[in-house]
Every structure is written in C-alpha cells, then in structure tokens.
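Colleague:
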Amino acid sequence: MTNILIQGLALSGLYALVAVGFTMIFSVGRVLNLAHGVFLMLGGYAYYTAVQVFGISKGAGIAIAVLAGAAFGILTYTVLVRRLEHNPIAVEISTLILAVVMQALIVVVYTSAPKSMWPIVPGVFRHEGVFVSHNILAAMVLSWIVLGGLVVFVRRTRLGRALRAVSMDRKGAVISGIDPHRMSLATWAISGGLAALAGVFFATYTQLTPGMWVAPLIIAVAVVVVGGIGSIVGSLVVAHLIGFMETVTTTLVAAELRGVFTMVLVIVVLVIVPKGLFGREEL
Amino acid sequence: MPLARPLLGWLAFAVVMCLVPVFVSTGTVRILVFANFLAIFAMSWDVISGRTGYISFGHPFLIGIAGYTTAMLTYHLDTPLWLSIPAGVFATLVGGTLFLLPALRIRGTYFALVTLAFMELMYQLTQVIAPKVTGGTRGLSGIPTIVSGAIPNYYLTFGLVFAIGLGLWFVLRTRIGAALAALRMDEGAVAASGLSTIRLKLFAFMTSAAVAGIGGAFYVHYLGSIAPRGLFDINFLFTILVAALLGGSSTVAGPILGAYFLTFLLEYLRPYLPGPERYVIYGMIALVVYVLEPRGLHAILRTGARRLAPLLARRRIAP
Numbered sequence: 000m001t002n003i004l005i006q007g008l009a010l011s012g013l014y015a016l017v018a019v020g021f022t023m024i025f026s027v028g029r030v031l032n033l034a035h036g037v038f039l040m041l042g043g044y045a046y047y048t049a050v051q052v053f054g055i056s057k058g059a060g061i062a063i064a065v066l067a068g069a070a071f072g073i074l075t076y077t078v079l080v081r082r083l084e085h086n087p088i089a090v091e092i093s094t095l096i097l098a099v100v101m102q103a104l105i106v107v108v109y110t111s112a113p114k115s116m117w118p119i120v121p122g123v124f125r126h127e128g129v130f131v132s133h134n135i136l137a138a139m140v141l142s143w144i145v146l147g148g149l150v151v152f153v154r155r156t157r158l159g160r161a162l163r164a165v166s167m168d169r170k171g172a173v174i175s176g177i178d179p180h181r182m183s184l185a186t187w188a189i190s191g192g193l194a195a196l197a198g199v200f201f202a203t204y205t206q207l208t209p210g211m212w213v214a215p216l217i218i219a220v221a222v223v224v225v226g227g228i229g230s231i232v233g234s235l236v237v238a239h240l241i242g243f244m245e246t247v248t249t250t251l252v253a254a255e256l257r258g259v260f261t262m263v264l265v266i267v268v269l270v271i272v273p274k275g276l277f278g279r280e281e282l
Numbered sequence: 000m001p002l003a004r005p006l007l008g009w010l011a012f013a014v015v016m017c018l019v020p021v022f023v024s025t026g027t028v029r030i031l032v033f034a035n036f037l038a039i040f041a042m043s044w045d046v047i048s049g050r051t052g053y054i055s056f057g058h059p060f061l062i063g064i065a066g067y068t069t070a071m072l073t074y075h076l077d078t079p080l081w082l083s084i085p086a087g088v089f090a091t092l093v094g095g096t097l098f099l100l101p102a103l104r105i106r107g108t109y110f111a112l113v114t115l116a117f118m119e120l121m122y123q124l125t126q127v128i129a130p131k132v133t134g135g136t137r138g139l140s141g142i143p144t145i146v147s148g149a150i151p152n153y154y155l156t157f158g159l160v161f162a163i164g165l166g167l168w169f170v171l172r173t174r175i176g177a178a179l180a181a182l183r184m185d186e187g188a189v190a191a192s193g194l195s196t197i198r199l200k201l202f203a204f205m206t207s208a209a210v211a212g213i214g215g216a217f218y219v220h221y222l223g224s225i226a227p228r229g230l231f232d233i234n235f236l237f238t239i240l241v242a243a244l245l246g247g248s249s250t251v252a253g254p255i256l257g258a259y260f261l262t263f264l265l266e267y268l269r270p271y272l273p274g275p276e277r278y279v280i281y282g283m284i285a286l287v288v289y290v291l292e293p294r295g296l297h298a299i300l301r302t303g304a305r306r307l308a309p310l311l312a313r314r315r316i317a318p
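Protein chains in written order, with numbering that gives the first Met the number 0: chain A, 0 to 282; chain B, 0 to 318.
#1: Can you list, in chain order, the residues of its chain whose CB lies under 6 Å from that of Leu-251/A, leaving out five sequence neighbours each side?
#2: Per DSSP, which one or two residues make a beta bridge with Leu-139/B?
#3: Measure from the alpha carbon of Leu-182/B to the alpha carbon of each residue in Tyr-259/B, Leu-201/B and Gly-214/B, then state which is nearest.
#4: Identify whether Lys-274/A lies in helix, strand or coil by the three-state DSSP scheme.
#5: Please classify Glu-280/A: does DSSP put it in a helix, a strand, or coil?
#6: Exposed or buried, Ser-26/A, counting other C-beta atoms within 10 Å across all chains shown (16 or more means buried)?
#7: State the start and end residues of the unbroken beta strand (DSSP E) segment that holds Ser-192/B.
#8: Pop quiz: Val-146/B and Leu-139/B are said to be a contact at Cβ under 8 Å. What is the actual Cβ separation, rounded to whole angstroms?
#9: Assign Ala-15/A to one of two classes, buried (16 or more other C-beta atoms within 10 Å of its C-beta) or exposed (fewer than that).
#10: Under 9 Å between the Cβ atoms of Thr-248/A and Leu-256/A?
#11: Which residues, in chain order, does the stretch 34-46 of chain B contribute to contact with chain A at a C-beta distance below 9 Å?
#12: Find the residues of chain D that neighbour Ile-105/B, judging by a C-beta separation of less than 7 Å, and give them in chain order.
#13: Leaving out the 5 sequence neighbours to the left and right, which residues in its chain are closer than 6 Å to Ile-225/B when beta-carbon positions are compared?
#14: Does the Cβ of Ser-175/A have 16 or more other Cβ atoms within 10 Å, making it buried, or fewer, making it exposed?
#15: Residues of chain B with a CB under 7 Å from the CB of Ile-88/A: which are they?
#16: Identify the contact partners of Ile-217/A in chain B, using a Cβ-Cβ distance below 7 Å as the criterion.
#17: Please classify His-297/B as buried or exposed, where buried requires at least 16 other C-beta atoms within 10 Å of its C-beta.
#18: Would you identify the three-state DSSP class for Pro-318/B, choosing helix, strand or coil?
#19: Taking Ala-103/A as the query, report the chain B residues whose CB atoms sit under 7 Å from its CB, ordered along the chain.
#20: Using CA coordinates, which residue listed in Leu-76/B, Phe-56/B, Thr-68/B and Gly-134/B is at the minimum distance from Gly-107/B?
#21: According to the neighbour-count rule (16 or more other Cβ atoms, all chains shown, within 10 Å of its Cβ), is Phe-237/B buried or exposed?
#22: Show which residues of chain A have a CB atom less than 8 Å away from the CB atom of Val-127/B.
#23: Taking 9 Å as the CB-CB limit, is Pro-318/B close to chain A?
#24: Give me the Cβ distance between Ala-38/B and Tyr-259/B, rounded to the nearest whole Å; I'm assuming they're in contact under 8 Å.
#25: Which residues in chain A have a C-beta closer than 7 Å to the C-beta of Val-241/B? List them in chain order.
#26: Determine the chain B residues that contact Met-262/A at a beta-carbon separation under 7 Å, and present them in chain order.
#27: Between Ala-181/B and chain A, is any beta-carbon pair separated by less than 9 Å?
#28: Is Leu-159/B close to chain A? Criterion is C-beta to C-beta, closer than 9 Å.
#29: Return the residue from the list Pro-59/B, Leu-18/B, Phe-89/B and Ile-54/B that minimises the CA-CA distance to Met-205/B.
#30: So that I know if they touch, is there some Cβ in chain B lying closer than 9 Å to that of Val-140/A?
#31: Decide if the stretch 20-35 of chain B is in contact with the stretch 250-266 of chain B; the criterion is three or more beta carbon pairs, one per stretch, under 8 Å apart.
#32: Using the Cβ count rule (16 or more neighbours within 10 Å means buried), how would you classify His-126/A?
#33: Show which residues of chain A have a CB atom less than 9 Å away from the CB atom of Pro-101/B.
#34: In whole angstroms, give me the CA-to-CA distance for Ala-178/B and Gly-193/B.
#35: Starting from Phe-161/B, trace the alpha helix (DSSP H) both ways and give me its first and last residue.
#36: How long is the line joining the alpha carbons of Gly-58/A and Ala-202/A, rounded to whole angstroms?
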C-alpha cells in the first residue's frame with residue numbers, strides 16, 4: 000500500500016512535469032505542439048552530452064539541458080509555428096514532421112543505439128519493503144517545486160498575468176497593449192525549458208533512444224485531454240489520476256496493461272466530455 | 000465538367016505505369032510496390048481527412064485491423080484468401096464506425112487526438128491481449144502471399160491503386176464530393192441546408208476505412224508478416240500523412256503523386272547519403288514543401304502548367 004502510494008506520487012509528479020508545457024502552449028497559442036516529446040528528448044540528450052561525455056557537473060548539465068530546450072522552443076516558434084499560427088491543423092502536422100526530422104537527426108549524431116543515463120540522484124529509498132529510487136523521488140520533489148513556482152508565476156507576476164490574459168481573451172489582451180506573439184514566444188521558451196527538464200528525469204527513468212519522444216507525447220496528450228486542454232490545475236490533478244492508475248495496474252493487475260487503461264480513459268473522456276474533466280481553456 | 004480530358008489522363012497514367020516494369024530494374028519495381036501501397040493508404044487518409052477536415056492521426060489503426068484480421072484467419076484457421084481479405088475489410092468498416100463515435104461531437108484537434116489514442120490502444124492491445132493469437136510483440140510471420148515475384152506484385156498493387164483511384168474519383172466528383180468539401184468548410188451550413196451530416200461523415204469514414212482495409216489486407220499478404228511495431232507507429236502515420244499532404248490533399252491524383260514522390264525521394268537520396276542523414280533531408284524537404292505550399296505538389300504542378308500554357312501557345316503562333 001505504502002509502495003503504491005510512493006511510486007504513484009513519484010510517477011505522477013514526473014507525468015505532471017511532462018505535460019505542463021504542452022498545456023501552456025495550447026492555452027496561450029491555441030495550437031498543439033506535437034514536437035513536445037522531442038523537447039524532452041533534446042533535454043535528455045543535452046544532459047547526457049554535457050555530463051556523461053564532457054564530464055561537466057550535474058547541476059550545470061541540467062542548466063544546459065533547460066537552456067537547450069528553451070532555445071529549441073524559441074526556434075520552433077519563430078521559424079515554424081509563427082507563420083502557421085492561424086491554422087492549428089497545419090501547426091500539428093508540421094510539428095509532427097519536425098519531430099520525425101529531429102528523431103532522424105538524433106540518429107545521425109548519437110546513432111540509434113540506446114544510451115543509459117546515470118541516475119541524477121543515486122541511491123534507493125528502502126523502508127519496510129518499499130523500494131523507490133532516489134532519482135524518481137527527486138523528480139517528484141522537483142516537479143512540485145517547478146509546478147508550484149509556475150502557478151505563482153502565472154498568478155502573481157506581470158508576464159504570467161499577461162500570459163493568462165492572452166489565454167482567456169486574445170482580443171482583450173491585444174487591446175490592453177499585450178503583444179500576443181511575444182507572449183507565445185515566452186510560452187514556447189518556458190515550455191521548451193520545462194520539457195527539457197522533464198526529459199532529463201524521464202530519460203533516467205527509462206532510456207535515451209531516438210524514438211523516446213513518442214511515450215512522453217502520448218502521456219502529455221492523455222493528461223491534457225483528460226484534464227481539459229489548457230488547464231494547469233486540471234493537468235496536475237489528472238497527472239496524478241493517470242500516474243496512480245498506472246501504478247495500481249502495474250502492481251495489482253498486470254504490468255503490460257497499464258497503457259491500455261490510460262488510452263481507454265482518453266477515448267472515453269473525449270467521447271463523453273470532449274472538454275475534459277476540468278474543461279476550461281485558460282491557464 | 001467535361002469527362003474526356005481527365006479520363007484521358009487516367010488512361011495515360013495506366014499505360015505509362017503498365018509499361019514501367021519493362022524499362023526499369025527489378026529493384027525499382029520492388030520500390031514501386033511499396034509506393035503503390037503508400038498511395039492506397041494516402042488516398043484512404045485523404046477521403047476522411049483531406050475532404051471532410053476530420054484529421055485522422057490513427058490511420059494505422061484502420062490498416063492494422065484489416066491486416067491482423069486476415070493474418071490471424073489465414074495463420075490459425077487456414078482460411079482461404081478470397082474469404083479472409085473481405086473479412087479483414089469488413090472488420091475495418093467496423094473500426095471506421097468506431098471513429099464516427101467521437102466525430103459526432105468533436106472535430107479538429109480533439110478528433111485527431113482521439114484517433115491517435117485509438118492507434119496507441121491497438122498497439123498495446125495486440126501485444127497484451129491473447130499474444131498466442133496475435134503473435135504478441137513479435138507478431139505473425141509465414142502468412143501466405145498472393146503472388147510471388149516483384150513484377151506480378153507490381154501489377155497486382157498497381158491494379159488496386161488504379162481501381163481505387165478511379166473509383167474514388169468518380170464518386171467524389173459527384174455532389175457527394177461537394178457536400179464533403181462543404182462539411183470541411185462549415186458543418187453548420189451543411190446541416191442547415193438539410194443534408195444529414197452524420198450520413199455524410201459515415202459515408203466518408205466508411206469509404207476511407209474500406210480503402211484502408213483493402214490496402215492493409217493486401218499489404219500483409221505481400222509482406223507475409225505482421226508486427227505491432229512499425230505498424231502502429233507514429234513514423235508510419237507520418238509517411239501516410241505526408242504523402243497525402245505533399246501530393247495535395249482533397250484531390251485523388253495528389254496522394255498518388257505524393258506517395259510516388261516520397262518513395263522515390265528516399266530512394267534517390269540513397270547514393271548521395273547512404274547513412275541515416277537521408278531521413279533528415281527527406282523530412283526537411285517534406286517540411287519545407289508543406290510550409291511553403293500546404294496544398295502540395297498537385298497545386299504546384301497545376302499553377303506551373305497554367306503559367307506555362309500561354310507561353311507555349313504564344314510560341315506556336317509566333318513562327
């Protein structure tokens with residue numbers, strides 16, 4: 000029982016971190032970024048290169064990964080998304096193509112062989128038959144800090160409020176002197192950085208491979224769809240719902256079935272409550 | 000709309016494609032077989048997504064239903080092909096109605112996501128539920144093939160492309176095609192003019208599913224094997240989607256054109272870029288063409304022809 004609780008919390012924290020950037024982009028720009036998984040993958044590979052190839056310290060490695068993710072977010076927005084913004088379907092399709100291109104690029108640079116990452120926080124937590132790696136606990140704590148910070152940022156700071164204004168009413172925001180393109184740019188940068196951070200932990204949780212972007216994308220889609228596209232708090236709650244559901248399925252039913260239930264949940268929610276359980280389309 | 004010129008175009012297409020194996024190597028013919036399958040899948044995708052605007056990210060789901068049905072029937076029960084292939088197509092039609100369920104309420108982004116979830120669900124299910132029947136992660140191999148050799152397979156698959164293409168062209172140039180296009184532009188207006196949007200969607204989804212089913216069933220009996228990885232895969236989806244979009248969605252010739260273009264682009268890059276760089280360039284070209292001209296090669300060629308026509312005509316008069 001304790002085992003399920005701790006593992007569920009840890010996994011949910013990771014999922015929330017994976018999904019939150021995806022939510023923000025939809026909320027502010029009304030477009031889906033299907034290259035979101037690639038942002039995570041880039042973060043993972045950037046960290047790997049910095050720490051395990053060049054031997055830089057772990058903290059600096061994480062910082063490099065976050066910067067790389069943010070830079071790639073900005074690049075994706077300015078080069079690609081900016082000119083297609085009026086057509087959400089075109090954004091989805093072009094970011095999907097971008098994801099496949101980036102996957103090929105990763106194969107060119109790092110080959111398709113999987114790379115295993117050293118845990119960022121080594122060691123295992125043991126308590127009365129409960130085993131959880133320190134690494135995933137660190138991911139959980141970090142995700143709480145980051146998400147808490149994000150909520151404060153969105154509610155309390157000027158930039159955060161401007162983002163919310165754009166997500167609530169784009170026209171109204173423009174009238175009040177907010178440039179929605181700059182807000183979108185900021186969102187893509189933040190989303191890219193957060194995704195890269197999530198990617199570092201996600202890669203230590205699984206493995207670093209050129210195809211690893213699909214799984215987090217599916218998670219982000221699931222969390223965001225069930226939570227109601229665009230709601231940060233909704234995504235947070237649903238990340239826990241899905242995280243716990245998967246943990247319970249893995250420990251009590253069968254490990255192979257965990258993805259099945261998540262997909263069934265996505266389909267059922269989309270068909271019955273298309274707006275999601277917390278359906279509001281603002282931050 | 001006069002019929003003669005487009006029909007002449009179809010005829011010319013058939014003649015050229017039938018002569019191709021005479022002039023090219025067996026290797027190229029094998030590549031063409033894959034291009035033909037891709038053309039079928041792209042045409043199928045276009046019926047639902049290009050025409051009605053319901054973007055499907057789950058097309059491999061439809062293809063996989065037919066593929067798995069016929070593969071399991073022939074592998075476990077030794078069902079003859081003339082029975083198992085129609086059974087596969089029928090199963091896909093059922094899958095097509097599953098797509099209709101969400102489409103009654105949601106469209107655009109949400110619809111694309113739910114179809115993606117369908118594909119992912121199928122990927123998981125084939126591996127988990129009854130792995131003895133589906134072959135689990137490794138899939139099934141040793142499935143009977145219809146004909147053997149590159150050239151017979153080429154004629155078989157090209158026959159399919161031609162029949163499906165011509166059939167779709169005939170159906171979609173009627174008022175049904177116009178109604179589907181109207182559905183893409185403004186669903187409310189279609190309903191307001193007294194047409195049943197549900198029936199129209201059902202028609203589009205069924206047609207798309209039937210074509211995907213035929214393609215999927217024949218594809219499995221060409222490969223002789225089926226496995227969840229590679230089939231229920233975003234990369235496979237990417238190829239289908241890009242073939243249809245790059246060629247020109249909402250046309251019949253476009254997806255066929257796009258399928259041949261993509262397949263040969265990948266092949267012709269091979270001598271210059273033998274390594275994995277090829278896929279980067281290939282994807283980049285797809286991305287650039289899509290961003291610059293979302294209507295695809297079909298539109299580029301058409302505009303080009305329109306610009307060239309007066310020039311050619313003038314030259315004919317001048318001397």
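Each residue gets a CB set at the ideal place from its N, CA and C atoms; glycine is no exception. These figures come from a predicted structure and were not determined experimentally.
Modeller: From the atom records:
#1: To locate residue 251/A, count along the first sequence from 1; it is residue 252. Result list for Leu-251/A: empty, nothing under 6 Å.
#2: Working through the second sequence from its first residue, we reach residue 139/B at position 140. Leu-139/B is bridged to Ile-225/B.
#3: Here the question's residue 182/B lines up with position 183 in the second sequence. Of the listed residues, the one whose Cα sits closest to Leu-182/B is Leu-201/B.
#4: What you label residue 274/A is simply residue 275 of the first sequence in a count that begins at 1. Coil at Lys-274/A, not helix or strand.
#5: The residue labelled residue 280/A in the question sits at position 281 within the first sequence. Caution is warranted here: a pLDDT of 48 is assigned to Glu-280/A, below 50, making its placement in the model unreliable, and no coordinate value can be reported.
#6: Here residue 26/A refers to the residue found at position 27 of the first sequence. By the 10 Å Cβ count, Ser-26/A comes out buried.
#7: Working through the second sequence from its first residue, we reach residue 192/B at position 193. Here Ser-192/B belongs to no beta strand (DSSP E), and DSSP marks it neither H nor E.
#8: Translated into positions along the second sequence, residue 146/B becomes position 147. Translated into positions along the second sequence, residue 139/B becomes position 140. Incorrect: roughly 20 Å between the Cβ atoms, too far for contact.
#9: Working through the first sequence from its first residue, we reach residue 15/A at position 16. With 16 or more other Cβ atoms within 10 Å, it is buried.
#10: For this step, residue 248/A is matched to residue 249 along the first sequence. For this step, residue 256/A is matched to residue 257 along the first sequence. Yes, Cβ-Cβ distance for Thr-248/A and Leu-256/A is below 9 Å.
#11: Residues: none.
#12: Included in the structure are the protein chains A and B, with no chain D among them.
#13: By one-based count along the second sequence, residue 225/B stands at place 226. Closer than 6 Å at Cβ, skipping near neighbours: Gly-66, Ala-70, Gly-138, Leu-139 and Val-219.
#14: Taking the first residue of the first sequence as position 1, residue 175/A is located at position 176. Answer is exposed; the Cβ neighbour count stays below 16.
#15: Residue numbering aside, residue 88/A sits at position 89 when the first sequence is read from its first letter. Result: Ile-54 and Gly-107.
#16: Position 218 of the first sequence, counted from the first residue, corresponds to residue 217/A. Going along chain B in sequence order, the residues near Ile-217/A (Cβ under 7 Å) are Glu-119.
#17: By 1-based counting over the second sequence, the position of residue 297/B is 298. With 16 or more other Cβ atoms within 10 Å, it is buried.
#18: Here the question's residue 318/B lines up with position 319 in the second sequence. Confidence at Pro-318/B is low in this model, with a pLDDT of 46, below 50, so its placement is unreliable and the value that follows should be read with caution. Here Pro-318/B sits in coil by DSSP.
#19: Position 104 of the first sequence, counted from the first residue, corresponds to residue 103/A. Those are Pro-275, Tyr-278, Val-279 and Gly-282, listed as they occur along chain B.
#20: As a working mapping, residue 107/B is identified with position 108 in the second sequence. Gly-107/B has its Cα closest to that of Phe-56/B, out of Leu-76/B, Phe-56/B, Thr-68/B and Gly-134/B.
#21: Numbered from its first residue, the second sequence carries residue 237/B at position 238. The residue in question, Phe-237/B, is buried, as its Cβ has 16 or more Cβ neighbours within 10 Å.
#22: Start at 1 with the first residue of the second sequence, and residue 127/B comes out as number 128. Correct list: Ala-253, Glu-255, Leu-256 and Val-259.
#23: Locating residue 318/B in the second sequence gives position 319, where the first residue counts as 1. With a pLDDT of 46 at Pro-318/B, under the threshold of 50, the predicted position of this residue should be treated as unreliable, though the coordinate-derived value follows. Not one chain A Cβ lies under 9 Å of Pro-318/B.
#24: Residue mapping note: residue 38/B aligns to position 39 of the second sequence, counting from 1. Residue mapping note: residue 259/B aligns to position 260 of the second sequence, counting from 1. The pair is a contact, with the Cβ atoms about 7 Å apart (cut-off 8 Å).
#25: Looking up residue 241/B in the second sequence gives position 242. By Cβ distance, chain A contributes Ile-96.
#26: Reading the first sequence from its first residue, position 263 is the one you call residue 262/A. Here the neighbours are Ala-116, Glu-119, Leu-120 and Gln-123.
#27: The residue labelled residue 181/B in the question sits at position 182 within the second sequence. With 9 Å as the cut-off, Ala-181/B does not count as an interface residue toward chain A.
#28: Walking along the second sequence from the start, residue 159/B turns up at place 160. Not one chain A Cβ lies under 9 Å of Leu-159/B.
#29: The residue given as residue 205/B occupies position 206 in the second sequence. The alpha carbon of Met-205/B has as its nearest neighbour, out of Pro-59/B, Leu-18/B, Phe-89/B and Ile-54/B, the alpha carbon of Phe-89/B.
#30: As a first step, residue 140/A must be located in the first sequence, where it is residue number 141. By the rule that beta-carbons nearer than 9 Å mark a contact, Val-140/A does not touch chain B.
#31: Counting C-beta pairs with one atom in each stretch, the stretch 20-35 of chain B and the stretch 250-266 of chain B have three or more that are closer than 8 Å, which means they touch.
#32: Within the first sequence, the letter at position 127 stands for residue 126/A. Exposed, since its Cβ has fewer than 16 Cβ neighbours within 10 Å.
#33: Taking the first residue of the second sequence as position 1, residue 101/B is located at position 102. Taking a Cβ-Cβ cut-off of 9 Å, the neighbours of Pro-101/B in chain A comprise Ile-266, Leu-269, Val-270 and Pro-273, given in sequence order.
#34: Here residue 178/B is taken as the residue at index 179 of the second sequence, counted from 1. Here residue 193/B is taken as the residue at index 194 of the second sequence, counted from 1. Straight-line Cα distance between these residues: approximately 11 Å.
#35: As a working mapping, residue 161/B is identified with position 162 in the second sequence. Phe-161/B -> alpha helix (DSSP H) spans 149-171.
#36: Residue 58/A sits at position 59 when you count from the first residue of the first sequence. Residue 202/A sits at position 203 when you count from the first residue of the first sequence. The alpha-carbon atoms of Gly-58/A and Ala-202/A are separated by roughly 16 Å.
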